[in-house]
Each structure stands twice: as C-alpha cells, then as structure tokens.
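A.B. asks:
Protein chains: 2
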Amino acid sequence: MLDRLKHLITGSPLPSQQIAHEQLNKIRALAAFSPDALSSIGYANQEVYLGLVAAGSLGLVQSVPMALVITMLMTIVAISYYQTVHAYPSGGGSYAVARENLGAFPGLLSAAALLIDYLLTAAVSLTAGLAAIASAFPELWPHRVGLSLLILVAITLLNLRGLRETGTAMAIPVYLFLFAFLSMLAYGASVVLIDGPISFSATAVPAAQPLTFFLMLHTFATGCTALTGIEAISNGVPAFRPPKSKNAGQTLVVMAILMGVLFLGSIGLTQLLAVVPNPQETILSALARRLLGSGAAYLIVQASTMLILGIAANTSFAGFPRLAAILAADGYLPGQLTNLGDRLVFANGILLLAAATGALIVVFGGDTHALIPLFAVGVYIAYTLSQIGMIVHWLRNRGKGWRLKAATNGMGALATGVTLVVVGVNKFVEGAWITVFLIPILLFGFCKVHNHYQEVDKQLSLGELPGQFTEPFPTRVVVPVAGVNRGMVDAINYARAISKNVTAVYVELESGAGEDVRRDWERRWPDVPLVILPSPYRSIVAPFMEFLDKLDEQSNDGQLAAVVLPEWIPAKWWQNLLHNQTARLIRSALLYRRRDLGFQRVIIEVPYHLRR
Amino acid sequence: MLDRLKHLITGSPLPSQQIAHEQLNKIRALAAFSPDALSSIGYANQEVYLGLVAAGSLGLVQSVPMALVITMLMTIVAISYYQTVHAYPSGGGSYAVARENLGAFPGLLSAAALLIDYLLTAAVSLTAGLAAIASAFPELWPHRVGLSLLILVAITLLNLRGLRETGTAMAIPVYLFLFAFLSMLAYGASVVLIDGPISFSATAVPAAQPLTFFLMLHTFATGCTALTGIEAISNGVPAFRPPKSKNAGQTLVVMAILMGVLFLGSIGLTQLLAVVPNPQETILSALARRLLGSGAAYLIVQASTMLILGIAANTSFAGFPRLAAILAADGYLPGQLTNLGDRLVFANGILLLAAATGALIVVFGGDTHALIPLFAVGVYIAYTLSQIGMIVHWLRNRGKGWRLKAATNGMGALATGVTLVVVGVNKFVEGAWITVFLIPILLFGFCKVHNHYQEVDKQLSLGELPGQFTEPFPTRVVVPVAGVNRGMVDAINYARAISKNVTAVYVELESGAGEDVRRDWERRWPDVPLVILPSPYRSIVAPFMEFLDKLDEQSNDGQLAAVVLPEWIPAKWWQNLLHNQTARLIRSALLYRRRDLGFQRVIIEVPYHLRR
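From first to last, the protein sequence lines are chains A and B. Numbering-wise (the numbering used here), the first sequence opens with residue 1 and increments by one. Numbering-wise (the numbering used here), the second sequence opens with residue 1001 and increments by one.
(1) Quick check on B:LEU1533: does DSSP put it in helix, strand or coil?
(2) Counting pairs of beta carbons, one from the stretch 1561 to 1575 of chain B and one from the stretch 1488 to 1500 of chain B, are three or more of them closer than 8 Å?
(3) Answer yes or no: does any C-beta atom of chain B fall closer than 8 Å to that of A:PHE469?
(4) Which same chain residues, not among the five before or five after A:GLY467, have their C-beta less than 6 Å away from its C-beta?
(5) In three-state terms, what does DSSP make of A:PHE240?
(6) Using a Cβ cut-off of 9 Å, pull out every chain B residue sitting near A:PRO342, in sequence order please.
(7) If we define contact as Cβ-Cβ less than 8 Å, is B:TRP1568 a contact residue for chain A?
(8) Any Cβ of chain A within less than 8 Å of the Cβ of B:ILE1643?
(9) Any beta carbon of chain B sitting closer than 8 Å to that of A:TYR95?
(10) Compare the C-beta of A:GLY162 against all C-beta atoms of chain B and say whether one is closer than 8 Å.
(11) Whose C-alpha, out of B:PHE1137, B:TYR1332, B:GLY1196, is nearest the C-alpha of A:GLN575?
(12) Identify which residue in A:PRO534, A:SER90, A:VAL254, A:TRP521 has its Cα closest to the Cα of A:ALA637.
(13) What are the boundary residues of the alpha helix (DSSP H) that includes B:HIS1369?
(14) For a cutoff of 8 Å on Cβ pairs, would you count A:GLN459 as touching chain B?
(15) Could you check the C-alpha separation between B:ASP1330 and A:ARG584 for me, to the nearest Å?
(16) Label B:PRO1035 either buried or exposed according to how many other C-beta atoms from any shown protein chain fall within 10 Å of its C-beta, with 16 as the threshold for buried.
(17) Consider the Cβ of B:GLU1165: report whether some Cβ of chain A lies at a distance smaller than 8 Å.
(18) Taking Cβ positions only, does A:TYR506 come closer than 8 Å to chain B?
(19) Spell out whether any CB of chain B is found under 8 Å from the CB atom of A:ARG584.
(20) Taking Cβ-Cβ distances shorter than 9 Å, what residues in chain A pair up with B:TYR992?
(21) With DSSP run on the structure shown, which of helix, strand or coil describes B:LEU1344?
(22) Indicate whether the contact test is met: 3 or more Cβ pairs, each with one atom in the stretch 93 to 102 of chain A and one in the stretch 242 to 251 of chain A, closer than 8 Å.
(23) Taking all protein chains shown into account, decide if A:SER461 is buried (16 or more other Cβ within 10 angstroms of its Cβ) or exposed.
(24) Check the Cβ-Cβ distances between B:ARG1403 and every residue of chain A, and say whether any is below 8 Å.
(25) Using 10 angstroms around the beta-carbon of B:ILE1172, count the other beta-carbons present and answer buried if the total reaches 16, otherwise exposed.
(26) Straight-line CA distance for A:PRO15 to A:VAL124?
(27) If you run the structure through DSSP and keep just helix, strand and coil, what is A:ALA562?
(28) Comparing C-alpha positions only, which one of B:ARG1289, B:VAL1379, B:ARG1587, B:VAL1421 sits nearest to B:ALA1232?
(29) Tell me which residues share the same chain as A:GLY671 and place their Cβ nearer than 6 Å to its Cβ, disregarding the 5 neighbours each side in the sequence.
(30) Please tell me whether A:VAL145 and A:VAL362 are closer than 8 Å, where the distance is taken between their beta carbons.
(31) Over the uninterrupted beta strand (DSSP E) stretch that includes B:VAL1449, give me the two end residues.
(32) If we count the other Cβ atoms within 10 Å of its Cβ and call it buried at 16 or more, is B:GLY1401 buried or exposed?
(33) Relative to the C-alpha of A:LEU385, which residue among A:ALA355, A:VAL418, A:LEU360 is closest?
(34) I need the boundaries of the alpha helix (DSSP H) containing B:PRO1106, first residue and last residue.
(35) Quick check on A:LEU30: does DSSP put it in helix, strand or coil?
(36) Any C-beta of chain B within less than 8 Å: which residues of the stretch 56 to 82 of chain A qualify?
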C-alpha cells in the first residue's frame, strides 16, 4: 500500500544499469552549471541597495563603485577557478582540492562549509525567487513562507523522481532569463544615452546614518554574495565533452563575463536612473518596472528571475546529496546517504536537504535579507580553502609557468580570505555566527561518525577465529507464555525439537491468574515444566529477564541459552495497536541486554499468522 | 536513562497491593464529587449572557426566567439521580445503567457520549478557568491557549504520578470557592435590598436582533450546561461510608441545592444590578467586580473560580481513564487501556485524554463559547439514556412505590430528551454536529475492535491440537550475510549446530562485490555454500525473499525453514542511525509475510555486541 503510494509519487523503480553518463556541449553545460551564479543578482543587488540606502542618496551613489569592487573580486576568483578547471579535469570541487592538497581536516572544513552553502543556496534562492514574483503581485507578499515551501516540495518531488533532463529542459528558462535581462539592460543603456542620467539628489532619499567606511564594508560583506555559484563549473568538468578542461574553461569565461555584465549593468542602470523601490518590492523589480512599465515585458523579466532562482535552488538538490554521499562513502556521514534510491538518486540526501531548507525558510520567515549573513561566510570559507589548496598544488606539482599560476591563486586566496574576514566580522551578530558555530559542530559530527565506523571495522575484523562448534551442541530453551492457545503450539513444538531442556514461563500480573494457566498447561503439555513468576510492579519483561539470569547462574553448564518467542501476527497492520506488544518488548530486551559471557542469548521467533 | 527520566517526573513505581479503597465521609465526598457540577456556573452563566445580550437590554431581563427554567430542569434531573443512587449502590454510571437495562448497544452509545463528555469537561473547564483569571489580568488574554495547555500538562503529570489525595487536599479549594461565592451572593443580596434593583433600560444595551422564541431556545440550549457534572455522585456511591446510598443521596441533595443557589443567585444579581461586562471579561467577573471592586476580595473570587474549574478538569482525568479501562476490559477499546501504570493509574487513558484535550483547546483557540455546543449534546445523550435505563429498571424490578419512581425517572428522561433535541437542533451548525458525527464513529470503532478481539480468541482457541513434533526434526537454515566479519561467527556456528543444511546468501548491490566476499568466505567457511544473488533494483530484502521461496519450492522435503540473522548491536543507541537496518528489514519481511504452508518460517537472531 505504502509502496504503491510511493511509486505513484516518485515513479516506479529503475534498474541500476540505467545510470547514464551524458556529456554536455558548451551551450547545455552553461545552462546546467550557471543558474546558481547568474541568479546571484536576484539577491546581491538587493543587498547592495539595502546596505547603501541607510546612508540615503549619498549612499546610493556609491552603488557603482561598490559594484566595481565586487566585479574585480569576481574576476580574480574566476581566473583562479579557470586554473582549477585545467588542473583538475576529474572535477575540482573545494572538498577534493582541499583534501588532496591540504589534508583531511581542511578537506572536511571545506566540506562542512559546502554543505551549509548548498543548504543556504536553496533557501536564499527560493525566498529571493518568491520576492521577485511577490514584487509583481504584492498580494502574494504575506504568503511568502507558504509559497516558498510549496515550491520546495515540488522541487523535492522532482528530484526524488530523478531529474534526467537537467541539461535540456532547464536550458530554456536559463536562456530566457539571459535574453530578458540582456535586452532590458541594452534598452536601459539606450534610455540613459538618449535622456541622460538622473541624479539621486532629485529624489532625495533621507539618510538614516552617515556614509562611513564601516557602512561600506558592511554593504560589501553581503553584496559579495554576487559571486556565489562561480565554482560550479569546476565541480562539473567531467560532464563536459572532450577536450573537457578546455571546454569547461571557455564556458567559465563566458559565464563570468555574463555575471559581470548582469551585475554591473543592473546596478549601473539603477544608479543612473535613480531607481528607488517601494517597501514591498525588490530593487531589480523596481528597475524593471521603471524601464518596462508594469506590462507583459515586466512580467517576463520577473518570471524569468523567479525561474532561474528556482533552478539555482534545484542545483543544490544535485550537489548536496552528491557531496553527502561522497562524505558518507569516506565514512564521515551515515552510510545511508550513499544508498541509491528506487530512481537512482541519493534519496536520503535529497530529503535531508529538503527538511533543512524548509526549516530555515520557516525560522527566518522567508526573508532573504535575514538569511544572507549566514550564506556569505560559508561560501568564502570554501573559496579560500580551495584557492589555498591550489597554491599547494602548484608548489607540489610545478610544471610550466607554475610560479605565475601559484601567484594567481595566491591573489585569489588573499581576496577571498580578506572577504571572509570582512563578512565574518561585519555580519557576525546578524547571523554569520550561526554558520561559524555550525561548522565546528558539523566537524565534530564528522569525526564522531568516522571514529564509530573505524571502531566497528576493528571490532568486526576477524583476527583469530574463536573456537568453532561443528557438532550439534545442547541448547537450553525458555519460552515465555501468555496463556494456552493456538499461537503457542508451533513455538512449543519447535522448542522441543531443538532441545531436551525446555521451560515455559508465565509472568503473573494478577494474583491467581497463574493457577488457571497452569491447569490448562498441564493438560496440554504435561512434560514441559511451567514456571509462574510474580510481578509486584506489573512488568512482564523485568521478572522474565531476572529469571533468565538466575537460570544461567544456576545451570552454569555451558549450554547455549535460547529464548523461543511465540508471536501471533494480526492480519492487518492497525490491529497491532490493539495488542500489548509483549513479545516485541522481550525481544528488544534480549537483543540489547549486553552479557559478559562470550555468547549472547539466541532469540528465536516462531510466528503464527491470524487470518483476518 | 529514559526510565530514570520517567521516574523523576512521575515518581518510582508502586507495587500492586498498594491499591487502597479509601472511604469518604460526606464532607470530603462533596469536595470530591461536586467540583464538576458546582463549577458549571463558570461557563453556563456566560452562555446565558451571550445568548440573551444579542437581544440587548430587552433580552438581558429574560436572564432570571431563563435561569428558573434551567433550575427546574436541574431539580428534575437531581431527583432522578437520587433514585439511581439508591437503586445502584455499586455505582450507577450511565454506561452501567444503560448497558444493564437497555442492552449492549445503548450502553455503548452512552459510553461514547460519556467519553466525549469527559473530554469536553476537561477542555471547557480549562478554558473557562483561564477566562476567569484573564478577566482579572487582561494582559493574559492573548496567551489563553498556551496557558491552558500549561495547566493541562500540570494536571496530566499530577495524574500520572497518581493523585492519592483526591478527597483531602482538594477539599480546601472547593470549600474556598463555596465560601467566596456564597458570601458574595449574600452581600449582593443585601446591596439589592438596601439600594433597590437597577433596571436595564438605564444602561441601554443595543439589540442586534429581536427577542424571539428561537433566540430563547438557542440560549437555553447552551445555558443548560449548568447541569453538567450532576451525575458524578451516582458513579461514586461505592466511595461513600456506609450506609452508602443514604449518604450519597444526602450529599446529592446538598450539592443540587448549592448548584441551584449559585446559579440562580449569580444570574439574579447580574440582572438586578444590570451588570454588563466589557469585551474581554466574563459575566461572573463583571458581577464580582461590580460588587467587590478590583481588590483582594475580587481576586479571591476569580482565583477560586479558576481553581474549582481546574479541579473539575481534573475529575475528567479520573473518570475518562476509568471508563476507558472498563470498555477495554469488555473488549471495546484497545487492551492497553487496562494496563495499570507504574503508579497504579491507567496511564494510557490519561495520556489519551490529555492529547485529545490539548488538540481541542488548540483547534478551538481556547474559546469556551466555541466548545460549548459540542459539550451539551454529549451530556444530554448520557442523561437521557441513563433515565430511560432507570425506567426499564423499575419496570423490571418493581418494588415499593415503583410506579412513582418510574414516573419520576420518566419525567427526567422527557426533560433531558427534549433538551437534547433542543440542543441538537439549535446548536447543530455551531458545533454540535461534531459530537453528532463523532459518536457513530466511536461506536463503529468499538464494534470493529470488539470483532477483532472475538476473532482473535476464536482463532487462538485450541480445538484439536495439530500434530506434535517430539523428536528433533531436520531444519533447513539460510543465513543472509553482509560480508565476512566477526559479527557472522556466532551466527554461522549456531546455524551449523542446529542443521546439516546451511546456505549463506549474499545480495550483491554493486557488481563484482560478490566475488570479493566469496573469496574471503571460502577461506573461512569452505564447507558452507555461499549463494550470490543479483539485485537490479538495489533492494536486499526482495531478492532474499524470492530466494527463500524458490528454495522451499525446489526442496519440498518437509524440512522446517529457518533463517538465522546475524545482528551486531552498537554500544550506543544513536549509533544505530549510522547503519543500514538490513537485519531488521529482513526480519520484518519474514515476520509479516504470510505463507500458505502450515508452518511459518522460524526467525533466529544471533546478536553480537560491539563494545563502544
């Protein structure tokens, strides 16, 4: 029943050999790997605006200089990753690069940062996507949390089904987004050229605080989320057509240029046209509305913004479960995360990410701006570690022009490292502390899990084999009985078949009940002794376990102790709710009770099925 | 660990012989059985006010006539129950009376109504108690739901500990309440006598609708909740000192008089003083404030109102679990409800009631007025059935003056029956429909459960014993293996000890893995054949079960089929989360897979404990 429901939702199971390794051309690869990066303007512009508007008109005229600084940073990081793409044709995610070059611990640090990243990419993209659409339809504004969760559920289900079509179907909205935005920017540029720029003093936004260096740093600390997603191509080199590294590198260059054009262009126009949004509207929406009015063109821009943000959230649903599976395979996360589900996807990882994303959206009330401080820290930890790893890579491997390459990555590491400090310090109180605390907790968890797996391996390894029984050896059997009935028959028969030494035990909850049972018992099985145990505290398990211990002590004959559990099974699952689960309780007690003797007690269940 | 936490909260377990049967004198019996009845003014007055205020001042002057009608009904019902107390010295709850005299089905109907009653008594008393206290401290008003739940949790914990002191400690707040209210009413009467009554036209409450007969009926339909709890003494006759019936009867008379005085007195004063409450205040609070100001005396009245309502809620926690246990013992509810917990209370019933009450409070936003329509229907179903049962009782048993007694109960039945119809019709849309629908659902559940238990008894009964094995008989053993490790050793040894015919089975999830296992296997256990099964859909359980079926088919040798499960048990519970629960999945599949053969497969678990 449950199985059928599951198949209805996620589709019927797929056989293992259907795992295909599709190879993407550059057009489709750009669509597959760039949404996370390109969609960053969906929140980074907003952050620049929210940071600077505090200083009023005087602040807002700093938008373009700020954007230029961030674009410079973007260029440095892009060049750094261009080198990674060529150095790691098998995929150079931060985890791989940091682990190989810096060692296990920096690798794990990077992995922890990346897991948090994926999570926040999903949460931030969803909420920012909803803000884009709610800017067009303000009546949706109060329902942001619910609607974000709805989209989250849809994305989760699609991913559980297995999104085979990643490159193809997703290419359409990505290119729609590019087309819509590039056209709008071109049109905006022509407006500025013809009509001339508008100065901010005209609209006179009042300043809440002075324009200080601190305020600029503060703005930079969240505006630098414009770079998120830039590393995606370096993870995905193996998916490109050969020559893989060359194609991936070219795609990276195109993507970086597009990122720069979109970011600088939109911020530039916002400043040159002195655009100011109303309270329930994003700055991007305000720009689009200013240029295109509120008609179809505007709606296309907003819809494509929301679509690309949704696709960006979706990339987390590919990346997070894959990284979690790699970590699990290395023994740092529960092994269940490596299980391929019915549809050949890492279903447990998908569900884990969905649950965590949902929780974040609810806790932060669907507010992108509140989530951003958590986001930026994780991103820049991963970037910095990856760049430092690349420096070590060049120092170790040398090769043609290694000095220049190491210097390039060094500059990248310096830039992202400084950014990391700026973000960590400036946004600590606003939420970065959550990420800062979460990362050590994750690292502690990784270690704890790893130690456990190693310990299990050690304890399960077969050094010398303990003595082997090969001949039948005597077993002492105890059967707990609840009364004389049909459900007991098979169990008693089986017990007598495997042992000459069978004892039945009845735990008496109401005084007198035991004698009734004894009368019936002796009529049926006169040759099996029945022991009646009192239970002053009305527990069945405790007196039974005490009896077993005492019996072992008294006997001390080296016989194996087995408990035969008669279990009658109702025909329907809900009928289980109508019965005391005594056999289950006894079984758990036996299974988990550790004994110092070498051999644990054997538990033998003899089921008897009821018909309806 | 969990056990220790549990004992910390509910106290350490008590031995069974501590069940004591305390006998109460009349003073303590009144305190034990009357809170539910006396506290009814905590919501009934409010309902009369809310019903009549719709017709403005013109409506409010009908308060006293309305109260007189309800008091008449109260007198009739009290006399009826007085007869029940004498006819059923062993306790004449509605369920007992209806079952004995009218048959199983009316008995169950009455039981369903009573269960709902207990539930609603708890919910209504808690919310009304909170309204009393929030009238004094309006800043608590927005937190009504949370605070009600807090008190609910406290009452639940106290009851799980076992409230031994029912009669003694609870007597204090009950008599405090009586003292506070009777003094206030006496003082109010003197005020009216000295200053003369105030007419409502003076305050001029505007009418929202005309004063129709329909509006009066509507008001009556909820005002009649003033009678709730009046049956409590008839359930509790065995708790009285001998002569039980006489003492119980006298206590009932005193209680009924007190109910009448409190209800009529408070409504009379409200009308004579033309009291009108402000929106976030109960009418009782408004009356007290009018007479006593807002000082200490007022606070004592409000606090004692809240206390007695809390105690009334608490009576449900005695009654509901007891009735549920009786129904469970008769086979109409899950048997677990008869389990006496560690503290000699029906812990499952207490938890069930607490969960349902909490749900009601949350769903209805802690609003007493919204809950009342659900409440009244259940109460009057139980009353009516009980009275009809008494008529049949007199017809059957006759005895001195039986005609008069039957006529008295007949009048009671008529009065409560008419009230039931009035309530059902007038309040159907406002919530009575929930109770009206819930009762058949409960009845359906009772029958379903009863049928199941009867069916189980039938199927488990031992008519002829099937053939008994007495000599050891051959067993075919299959052992699922996950690899060659220490955890397997005991299991393989045990399997070989009980059978000459052991097969190990490895389910291969990744192609090639099987051959590695085979190599290790053949070095360790060359004489135990290892079968490697492919698993195209990555399931372990399905191919294994198929293999078992095929093996049985091929062998067809009458041998018993057993599966030995090697289970290694981690040292700490959380470590279970780090491992695939394959052994558990296989066990469940074996346990619940029904086979048409006579003997089910035997499941043998051989645990191996890890150390840390």
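Backbone N, C-alpha and C fix where the C-beta goes; we use that ideal spot for every residue, glycine too.
C.D. replies: Put simply:
(1) Collapsing the DSSP output to three states places B:LEU1533 in a strand.
(2) A contact exists between the stretch 1561 to 1575 of chain B and the stretch 1488 to 1500 of chain B.
(3) Confidence is the limiting factor: at A:PHE469 the pLDDT is only 48, short of 50, which leaves the residue's position unreliable and the question unanswerable from this model.
(4) Below a pLDDT of 50, predicted positions are generally treated as unreliable, and A:GLY467, at 48, falls in that range; no measurement from the model is reported.
(5) The answer is strand: DSSP assigns A:PHE240 an E or B state.
(6) Note that residue 342 of chain A is Asp in the sequence shown, not Pro. Going along chain B in sequence order, the residues near A:ASP342 (Cβ under 9 Å) are TYR1537, ARG1538, SER1539.
(7) At least one CB atom of chain A sits nearer than 8 Å to the CB of B:TRP1568.
(8) Any property of residue 1643 of chain B remains undetermined from this structure, which presents chain B solely from 1001 to 1612.
(9) With 8 Å as the cut-off, A:TYR95 does not count as an interface residue toward chain B.
(10) Chain B contact via Cβ: absent.
(11) The shortest C-alpha separation from A:GLN575 is found at B:TYR1332.
(12) For residue 637 of chain A there is no data in the structure shown, the boundaries of chain A being 1 and 612.
(13) Note, B:HIS1369: alpha helix (DSSP H), 1368 to 1397.
(14) At least one CB atom of chain B sits nearer than 8 Å to the CB of A:GLN459.
(15) Roughly 25 Å between the two C-alpha positions.
(16) The residue is buried, with at least 16 neighbouring Cβ atoms inside 10 Å.
(17) For B:GLU1165, the pLDDT reaches just 48, beneath the cut-off of 50, and the residue's location in the model is therefore unreliable, although a value from the coordinates is still provided. Closer than 8 Å: no.
(18) No, A:TYR506 does not count as interfacial toward chain B.
(19) By this cut-off, A:ARG584 is not an interface position.
(20) The structure shown has nothing for residue 992 of chain B, since chain B only spans 1001 to 1612.
(21) B:LEU1344 falls in the coil class under three-state DSSP.
(22) Contact fails between the stretch 93 to 102 of chain A and the stretch 242 to 251 of chain A, because fewer than three Cβ pairs, one in each stretch, are under 8 Å apart.
(23) So A:SER461 counts as exposed.
(24) Under the Cβ criterion of 8 Å, B:ARG1403 is not counted among the residues facing chain A.
(25) Note on B:ILE1172: under 16 other CB atoms within 10 angstroms of its CB, so exposed under the neighbour-count rule.
(26) Near 35 Å, if we compare the C-alpha coordinates of A:VAL124 and A:PRO15.
(27) Residue state, collapsed to three classes: strand.
(28) Measuring from the Cα of B:ALA1232, the nearest candidate turns out to be B:VAL1379.
(29) Outside the displayed range of chain A (1 to 612) lies residue 671 of chain A, so it cannot be described from this structure.
(30) A:VAL362 is positioned such that its CB atom lies closer than 8 Å to that of A:VAL145.
(31) It is not in any beta strand (DSSP E) - B:VAL1449 instead sits in the alpha helix (DSSP H) that spans 1433 to 1460.
(32) So B:GLY1401 ends up on the exposed side.
(33) From the listed residues A:ALA355, A:VAL418, A:LEU360, the smallest Cα separation to A:LEU385 is found for A:VAL418.
(34) Segment 1104 to 1136, the alpha helix (DSSP H) holding B:PRO1106.
(35) For A:LEU30, the three-state secondary structure derived from DSSP is helix.
(36) So nothing in the stretch comes that close.
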